[in-house]
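Enquirer: Mind having a look at this structure? Questions to follow.
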Amino acid sequence: MSKCKGYRLREYLFKAAMTVTPRNQRIHVFNSLQQYKCVPPPLFLILLSIAQLAFYLYYVFDSSEGVWLSGPIPTMSPFIVSHHHISQLWRLFTYCLINVGIFHVAFNVIIQVVIGLPLELVHAWKIYILYLMGVLFGALLSLALDPGVFLMGGAAGSFALSASHITTILTNFKNMENAAIRFSLLLLFGSLDYALAVYQRFFAPRIDKVSMYGHLGGLVAGVLFTFILFRGTKPSRFYTVSFWVSLVLCGFYIAICIALISAPNLLH
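Okay, here's the thing in structure tokens:
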């Protein structure tokens with residue numbers, strides 16, 4: 001019985017890995033999964049999703065606003081990004097725990113489970129770096145270009161996961177199953193989420209606005225860190241060049257954002 005369960009678990013692992021792995025890379029991935037004993041288990045994105053849902057429900061009841069598209073916005077939360085608390089560096093990462101509106105929290109959880117979980121299964125700790133760099137890049141870009149508003153939500157991390165998978169699809173289009181459908185669905189849902197973020201930033205009938213730049217920062221991180229982290233077992237010249245170019249671009253991105261964030265303080 002235990003052997004049968006083990007085979008069934010391995011079958012589920014293979015099917016999950018197939019959804020995010022190009023055909024020409026599956027032999028290496030499947031060989032790794034043959035030895036995989038779920039130690040450590042892929043729990044990072046599951047626990048993150050549970051935490052996001054828990055915080056969302058807490059602030060829904062705490063604010064008495066109810067469940068809707070543009071709230072609640074907990075501006076007093078110790079986790080969100082604000083230029084008033086720029087010295088509290090932990091906020092550059094913890095803001096991803098606080099989501100605004102039911103659509104945003106649903107979008108982030110779906111991306112983290114449907115796309116992120118298979119990626120975590122295949123790439124393990126590299127997905128932690130990808131997600132957290134998406135969150136950091138989103139925070140830096142928001143503080144640099146839109147410092148007068150708040151930043152919260154897991155969209156930067158989710159967009160990093162989505163952008164990474166889209167990059168893999170586009171660079172391995174012939175080796176990905178249902179590549180056109182996957183690309184179209186990710187683009188559609190990502191566009192809807194970003195359109196809602198733009199609405200909440202400029203048109204929602206609220207005084208407390210939330211930045212839309214976290215999405216874009218996560219998108220940039222997703223593309224660049226795909227080439228930095230996922231070079232394959234036999235990296236080609238294309239991936240080698242892309243690795244170094246992406247590394248340099250990451251350095252420029254961080255330096256420019258920090259310069260823009262520091263500029264107002266230096267002028268004063």
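Per the UniProt record's numbering, the very first residue in the sequence shown carries number 1; after that it's consecutive. Note that the Cβ used here is the ideal one computed from N, Cα and C, for glycine as well.
(1) Assuming S64 and F150 are in contact, meaning their beta carbons sit under 8 Å apart, how far apart are those beta carbons, in whole angstroms?
(2) Where does the unbroken alpha helix (DSSP H) through Y213 begin, and where does it stop?
(3) Pairs of beta-carbons, one from the region 119-131 and one from the region 201-210, closer than 8 Å: are there three or more?
(4) Rounded to whole angstroms, what is the Cα-Cα separation between C96 and T19?
(5) Provide the residue(s) that pair with F150 in DSSP beta bridges, ordered along the chain.
(6) In the DSSP assignment, the alpha helix (DSSP H) including Q52 goes from what residue to what residue?
(7) Is it buried or exposed for D62, if we count other Cβ within 10 angstroms and need 16 for buried?
(8) If contacts are defined as beta-carbon pairs under 8 Å, then L92 and A144 qualify, I think. What distance do you get, rounded to the angstrom?
(9) Using CA atoms only, rank isn't needed, just tell me which of F159, Q112, G148, W125 is closest to L136.
(10) Count the other C-beta atoms from every protein chain shown that fall within 10 angstroms of the C-beta of G148, then say buried if there are 16 or more, exposed otherwise.
(11) So, helix, strand or coil for L260, using DSSP?
(12) Say the cut is 7 Å; is the CB of L47 nearer than that to a heavy atom of the ligand NAP?
(13) Using CA coordinates, which residue listed in L219, L247, G218 is at the minimum distance from F227?
(14) With a 10 Å radius around its C-beta and 16 neighbouring C-beta atoms as the bar for buried, classify P41 as buried or exposed.
(15) Taking its Cβ as the centre, do 16 or more other Cβ atoms sit within 10 Å of residue 271, making it buried, or is it exposed?
(16) At a cut of 8 Å, does the region 214-221 reach the region 151-171 through at least three beta carbon pairs?
(17) Among residues of its own chain, excluding the 5 on either side of G66, which ones have a beta-carbon nearer than 7 Å to its beta-carbon?
(18) Tell me, to the nearest whole angstrom, how far the beta carbon of I73 is from that of D208; I am working on the premise that it is less than 8 Å.
(19) Measuring alpha carbon to alpha carbon, tell me which of N178, A51, L57 ends up nearest R23.
(20) Between which two residues does the alpha helix (DSSP H) containing Q200 stretch?
(21) Which residue or residues does DSSP assign as beta-bridge partners of W68?
Expert: In short, the structure shows the following:
(1) Contact doesn't hold; Cβ gap of about 20 Å is too wide.
(2) For Y213, the enclosing alpha helix (DSSP H) stretches over residues 213-229.
(3) no
(4) Here the C-alpha atom of C96 lies approximately 26 Å from the C-alpha atom of T19.
(5) V210.
(6) 44-63
(7) exposed
(8) 12 Å between Cβ atoms; not a contact.
(9) F159
(10) Flag for G148 reads exposed.
(11) helix
(12) Absence of the ligand NAP from the depicted structure is noted, as is the absence of any ligand whatsoever, leaving it without description.
(13) L247
(14) exposed
(15) Residue 271 is absent from the structure shown; the chain starts at 1 and stops at 268.
(16) yes
(17) V60
(18) 5 Å
(19) N178
(20) 179-202
(21) G71
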